[in-house]
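Numbering (our numbering), first residue to last: 90 to 415.
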């Protein structure tokens with residue numbers, strides 16, 4: 090099913106699921122539990138036109154319900170958090186979407202909040218759905234740049250690195266993770282923070298970052314990007330953060346990142362840096378912050394476990410060789 094997630098558009102996935110469930114009379118196994126239906130206000134008739142994706146068990150577990158009409162056109166998506174940590178992610182996504190709704194240049198390229206609600210057991214919100222075609226990192230790269238630049242232009246602030254959200258988050262994570270890390274990772278993390286400290290008093294430009302700006306979290310709609318899943322987004326992050334993620338993460342999930350890729354990525358970032366106003370920090374320090382943020386986020390989310398994760402390993406290797414490209 091993994092291939093479906095990455096290579097079929099939303100409406101195609103819905104048609105696939107429904108056709109197979111109907112063919113094998115298995116729709117009951119994908120039924121929505123009564124307490125969930127009651128919570129999000131779905132009738133029995135409406136529930137028959139829904140597909141639910143159950144989240145992986147754990148502290149960040151959430152379920153996603155796709156509603157569609159009789160023609161199998163997606164109508165809306167409801168995200169349901171079942172844990173306190175998952176609820177925080179959904180509340181963060183709502184916060185960011187409310188901000189993005191005020192940005193005239195991109196507010197039609199992101200979901201619209203339809204409804205939100207919570208009780209002692211669940212927290213959920215419903216948002217609009219974009220319909221379009223899948224994104225290719227190579228073919229549609231020229232569509233990603235304008236969106237990232239518009240997001241930056243609408244949200245940037247000029248502050249010192251030490252005042253930024255990313256600086257504070259990286260330091261807070263280290264304090265939490267230090268007792269849980271291997272000696273190698275603790276040494277690496279501490280060295281990275283020492284490198285970052287050299288720039289902490291420099292004024293720079295920071296803006297909102299999606300933080301999971303990957304092809305599977307966007308579609309191409311009427312020649313423009315429609316970007317969803319904003320739950321990890323943060324303010325006061327490096328402007329090129331999402332560009333690095335767009336270029337590197339598709340390779341990372343396939344365990345195909347090479348040191349030579351960094352030169353290509355930095356060249357692309359340098360070529361496009363001039364289009365950001367006002368002038369932003371050099372791509373090298375932004376890339377360094379990006380790599381450490383992704384690694385530390387994975388480790389923090391897993392309570393220090395996952396130090397041998399393929400993405401963490403690849404990004405750690407890039408950090409260890411940063412002198413070659415810094």
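Built from N, CA and C at the ideal position, the CB exists for glycine as well.
In the DSSP assignment, the residues bridged to residue 207 are 212. Of all alpha-carbon atoms in 322, 341 and 390, the one lying nearest the alpha-carbon of residue 241 is that of 322. By DSSP's assignment, residue 139 forms a beta bridge with 156. In the three-state scheme derived from DSSP, where H, G and I count as helix and E and B as strand, residue 399 is classed as helix. In the three-state DSSP reduction, residue 346 falls in the coil class, being neither helix nor strand. With contact defined as three or more Cβ pairs closer than 8 Å, the region 328 to 347 and the region 281 to 292 are not in contact. Note: residue 200 is not bridge-paired with any residue in the DSSP secondary-structure output. Assignment of beta strand (DSSP E) within the region 147 to 192, counting only whole runs of 3 or more residues, yields 151 to 157 and 163 to 170 in chain order. Counting C-beta atoms within 10 angstroms of its own C-beta, residue 236 has 16 or more neighbours from the protein chains shown and is therefore classed as buried. The beta carbons of residue 320 and residue 178 sit about 4 Å from each other, so the pair counts as a contact at 8 Å. In this model, residue 181 and residue 213 are separated by some 12 Å (Cα to Cα).
Per the coordinates, the alpha-carbon of residue 251 lies some 18 Å from the alpha-carbon of residue 380. Annotated three-state conformation of residue 389 is helix, per DSSP. For residue 303, the closest alpha carbon among the candidates 152, 373, 316 and 138 is that of 316. Straight-line measurement puts the Cα of residue 399 at about 19 Å from the Cα of residue 411. Rounded to whole angstroms, the gap between the alpha carbons of residue 263 and residue 392 is 12 Å.
Linking residue 208 to residue 150 through their CA atoms gives a straight-line distance of about 16 Å. If you compare the alpha carbons of 407, 229 and 156 with that of residue 138, the shortest gap goes to 156. The secondary-structure analysis by DSSP pairs residue 292 across a beta bridge with 249.
A direct Cα-to-Cα measurement between residue 327 and residue 377 gives close to 10 Å.
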